[in-house]
Every structure is written in C-alpha cells, then in structure tokens.
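J.: Start counting the sequence shown at 0; every next residue gets the next number (numbering that gives the first Met the number 0). Quick one: the structure is below, and I'll ask about it shortly.
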Amino acid sequence: MQYLAVILGIFGLELGIKNYIEENKREGETEKKCGILLIRKHHNRGAFLNAGQGKRQLVAVLSVVMTLVLTALFAATLTMAGRGLLKWAFTLMLGGAYSNTYDRLRRKYVVDYVSFNVPFRGLRRVIFNIGDFCIMIGAMLAVAFYGTAVKS
Numbered sequence: 000m001q002y003l004a005v006i007l008g009i010f011g012l013e014l015g016i017k018n019y020i021e022e023n024k025r026e027g028e029t030e031k032k033c034g035i036l037l038i039r040k041h042h043n044r045g046a047f048l049n050a051g052q053g054k055r056q057l058v059a060v061l062s063v064v065m066t067l068v069l070t071a072l073f074a075a076t077l078t079m080a081g082r083g084l085l086k087w088a089f090t091l092m093l094g095g096a097y098s099n100t101y102d103r104l105r106r107k108y109v110v111d112y113v114s115f116n117v118p119f120r121g122l123r124r125v126i127f128n129i130g131d132f133c134i135m136i137g138a139m140l141a142v143a144f145y146g147t148a149v150k151s
C-alpha cells in the first residue's frame, strides 16, 4: 500500500501546486527561487515541449491509453516477489502520469511551473512540473532495473 500512498501523494501535491499557480501567477511572469529555480506559469496544450499542441484531443487520448497501460503493468508487478526498483519506477511514473492526464482531461492543458536559471538558454526556456520529474526519474529507475536484470 506504500506505493499507492506515494502515487496519491504525488497527485495531491501536484493538484495543490497547480491550483495555487493557476490562482496566483500570471502567464509569462517569472519569480526566482533559491537562485537556480524559476517559477513561471505555462499552459502546455500538447505533450512534452508542447509537441502535438495542434492535436490536443489526440494527445489526451494517447495520455489516457499510456497511463492505463502503465497502470496494468504496475498492477502485474505487485503480484511478483521482489522487483522493488521496478515497483518504485512505476509508482513515480504513475503519480506524474495521473497528474498530467488529469490536467489534460479536466483543464484541457497541463500546468507547468518550474524551470532552471541556467546559462543554456534552450534549457532555461523549458518549463516542467513535479509530475514531469517523477515520470523522468521513474523511467530512469525502470531502465536501471532492466539494465541490472539483463546482466543477471
């Protein structure tokens, strides 16, 4: 049940932050935090880096389908002994996926709000949310799991 608690925690945290951003920040406004973090509101109407923003309905359908597949794979791992790293990978990915899919269905866009104050202009322009980080970290954990499983 710890996995479910983390998934719900990620979803709840994200929902709270996104609601706060929606109510208190203006699009394009930037606020510096802790030197490297930039807080700014962005409505992502597509997938990663606004890809597919002209096909929002398709992006939403793909998001739902991928989230359901990921949920089924996660459920299958719960019946297997061990595989803790893979279970945590799915947990993080699902927390982020549920949050972003919820946004796509409910708001018709994903609320992104954090970027990095780095010298690389291209990276500085990319705006994320916590769900995005959870998906990325979960994907890296899954790759690490399968990398170690292949060597065994």
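Just so you know, even glycine gets a beta-carbon here, dropped at the ideal spot from N, CA and C. What you are looking at is a predicted structure, and each value in this text was computed from that prediction instead of being measured.
#1: Under the assumption that Lys17 contacts Asn128 (Cβ atoms under 8 Å), give the Cβ distance between them as a whole number of angstroms.
#2: Express the C-alpha separation of Leu37 and Lys31 in angstroms, rounding to a whole number.
#3: Within its chain, find whatever has a CB closer than 7 Å to the CB of Leu104; leave out the 5 residues flanking it on each side and keep chain order.
#4: What are the residues that DSSP puts in a beta bridge with Val110?
#5: Considering Cα atoms alone, identify which of Arg123, Thr70, Ala96 is closest to Phe10.
#6: Can you list, in chain order, the residues of its chain with a C-beta nearer than 6 Å to that of Ile134? Leave out the 5 residues immediately preceding and following it.
#7: Please report how far the alpha carbon of Arg44 lies from the alpha carbon of Val125, in whole angstroms.
#8: From the DSSP output, read off the bridge partner residues of Lys86.
#9: Tell me Lys24's beta-bridge partners as DSSP assigns them.
#10: Quick one: residues in its chain with C-beta nearer than 8 Å to the C-beta of Ile6, no 5 flanking neighbours on either side, listed in chain order?
#11: Could you pull the DSSP bridge partners for Lys31 from this structure?
#12: With distances taken from CA atoms, which of Phe47, Ala46, Asn23, Cys33 is nearest Lys40?
#13: May I have the straight-line CA-CA distance separating Asp131 from Thr100, to the nearest angstrom?
#14: Taking a contact to mean a Cβ-Cβ separation below 9 Å, would you say Ala88 touches Ala50 in this structure?
T.: Quick look at the numbers:
#1: 7 Å
#2: 5 Å
#3: Ala59
#4: His42
#5: Ala96
#6: Met92, Gly95
#7: 14 Å
#8: Lys86 is not bridged to any residue.
#9: DSSP, once it has assigned bridges, lists no residue as partnering Lys24.
#10: Thr90, Leu93, Gly94, Tyr97
#11: Leu37
#12: Asn23
#13: 11 Å
#14: no
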